[in-house]
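Asker: Numbering (my numbering), first residue to last: 2 to 214.
Pasting a structure below so you can have a look.
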Amino acid sequence: MSGEGKEPQAIRKLAPGKLVIASHNPGKVREIAALLEGHGLDVVSAASLDLPEPEETGTTFVMNAELKARAAADLSGLPALADDSGLCVDALDGDPGIFSARWGGPDKDFGMAMRLIEDHLGRIEAETGTAPARSAHFVCALALAWPDGHVEWFEGRVDGTLVSPVRGDKGHGYDPMFVPDGHDRSFGEMNDALKNEISHRADAFRQMVAAVF
């Protein structure tokens, strides 16, 4: 939760009603809406409300999620949920990390972003003569903000391995190059039901659901 340095406070509960998903990414909105089914929420996206996308100036996933949630709550007058997530590659010192979307350029071309990761890994191998480890993890930070400024946040993670060539055309973002530990299919090959059981976003949502509903 936000408010470091303050006395711990009880987590605020989220009442049934309208909730803004502070994202303009249709795949992410669809995934979040599915994870929220059954909780009495009328989910609308920031894009459908013509809310602008704030500049992500935070230095952590949590900070970026919080600034997006606060902006959507302030502008809509409704509770807002934001997700900031990304892929962290161990051999690249955690990159692309909070810059995961920006590695795809202004058009958010994740095909290009995945090729860029492979280029970086190939450069390391060429320079060292050793193939770098392909371990990686996804992080998802959720921030739930109310118009009065109150914010709760939760963070999930899933570890796995990068594959090349990429596999599958499901999911979004870096999903086709990431195989979660304990599985032999990439997120890009999994149906939504399976991915929503094991993903970093599912981990964060389990924490949020247990806390606010």
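Beta carbons are placed, not taken as given, at the ideal position from N, Cα and C, and that holds for glycine.
1) Could you pull out every residue in the same chain whose Cβ sits closer than 8 Å to the Cβ of Ile99, ignoring the five residues on either side in sequence?
2) Considering just the uninterrupted stretch of the beta strand (DSSP E) at Ser200, what are its terminal residues?
3) Only counting the same chain, and skipping five residues up and downstream in sequence, which positions put a Cβ closer than 6 Å to that of Gly18?
4) Hey, would you say Asp91 sits closer than 9 Å to Ala137, going by beta carbons?
5) Do the stretch 103 to 123 and the stretch 39 to 51 make contact, defined as three or more Cβ pairs closer than 8 Å?
6) In terms of residues, what are the limits of the beta strand (DSSP E) holding Arg158?
7) Looking at the unbroken beta strand (DSSP E) that takes in Asp43, where does it start and where does it end?
8) Which first and last residues belong to the beta strand (DSSP E) in which Ala216 is found?
9) Could you give the first and the last residue of the continuous alpha helix (DSSP H) run that contains Phe100?
10) Alpha carbon to alpha carbon, how far is Ala211 from Ala74? Give it in angstroms, no decimals.
11) Kindly indicate which three-state DSSP category Ile12 falls into: helix, strand or coil?
12) Under the rule that 16 or more other beta-carbon atoms within 10 Å means buried, what is Lys196, buried or exposed?
13) Look up Leu88 in the DSSP assignment and give the residues it is bridged to.
14) Name the one or two DSSP bridge partners that Gly83 has.
15) Can you tell me which of the three DSSP states Leu20 falls into?
16) My assumption, with CB atoms under 8 Å, is that Cys89 sits in contact with Val140. Please give the rounded CB distance.
17) Just checking my contact of Ala83 with Ala34 at CB under 8 Å: how many whole Å lie between their CB atoms?
18) With a 10 Å radius around its C-beta and 16 neighbouring C-beta atoms as the bar for buried, classify Glu198 as buried or exposed.
Answerer: Concretely, from the data shown:
1) Taking the first residue of the sequence shown as 1, we reach residue 99 at position 98. So the list reads Glu57, Gly59, Thr60, Thr61, Phe62, Asn65, Asp85 and Gly87, once near-sequence residues are dropped.
2) In the sequence shown, the residue the question calls residue 200 occupies position 199. Taken as a continuous stretch (DSSP letters only), Ser200 belongs to no beta strand (DSSP E), as it is neither H nor E.
3) Taking the sequence shown and counting its residues from 1, the one referred to as residue 18 is at position 17. Around Gly18: no qualifying Cβ.
4) The residue given as residue 91 occupies position 90 in the sequence shown. The residue given as residue 137 occupies position 136 in the sequence shown. Going by C-beta atoms, Asp91 is nearer than 9 Å to Ala137.
5) As far as the Cβ criterion goes, the stretch 103 to 123 does not touch the stretch 39 to 51, which means the pair count is below three.
6) Counted from its first residue, the sequence shown places residue 158 at position 157. Per DSSP, Arg158 belongs to the beta strand (DSSP E) from Val152 to Leu163.
7) Within the sequence shown, the letter at position 42 stands for residue 43. Where Asp43 is concerned, the enclosing beta strand (DSSP E) starts and stops at Leu42 to Ser46.
8) For residue 216 there is no data in the structure shown, the boundaries of the chain being 2 and 214.
9) Against the sequence shown, residue 100 aligns to sequence position 99. For Phe100, there is no enclosing alpha helix (DSSP H), as DSSP marks it with neither H nor E.
10) For the purposes of this step, residue 74 is taken as the residue at position 73 of the sequence shown. For the purposes of this step, residue 211 is taken as the residue at position 210 of the sequence shown. Between Ala74 and Ala211, the C-alpha separation is close to 22 Å.
11) Translated into the one-based positions of the sequence shown, residue 12 becomes position 11. The answer is coil: DSSP assigns Ile12 none of H, G, I, E or B.
12) Taking the sequence shown and counting its residues from 1, the one referred to as residue 196 is at position 195. By the beta-carbon neighbour count (other beta carbons within 10 angstroms, threshold 16), Lys196 is buried.
13) To locate residue 88, count along the sequence shown from 1; it is residue 87. Beta bridge pairing from DSSP links Leu88 with Phe139.
14) Taking the first residue of the sequence shown as position 1, residue 83 is located at position 82. Note that residue 83 corresponds to Ala in the displayed sequence, not to Gly. In the DSSP output, where bridge partners are listed per residue, Ala83 has Ala144.
15) Here the question's residue 20 lines up with position 19 in the sequence shown. Collapsing the DSSP output to three states places Leu20 in a strand.
16) Within the sequence shown, residue 89 is the residue found at index 88, counting from 1. Within the sequence shown, residue 140 is the residue found at index 139, counting from 1. The C-beta separation of Cys89 from Val140 comes to about 6 Å, placing the pair in contact by the 8 Å criterion.
17) Within the sequence shown, numbered from 1, the residue matching residue 83 stands at position 82. Within the sequence shown, numbered from 1, the residue matching residue 34 stands at position 33. In fact, because the Cβ distance is near 14 Å, the residues do not count as touching under 8 Å.
18) Start at 1 with the first residue of the sequence shown, and residue 198 comes out as number 197. Exposed.
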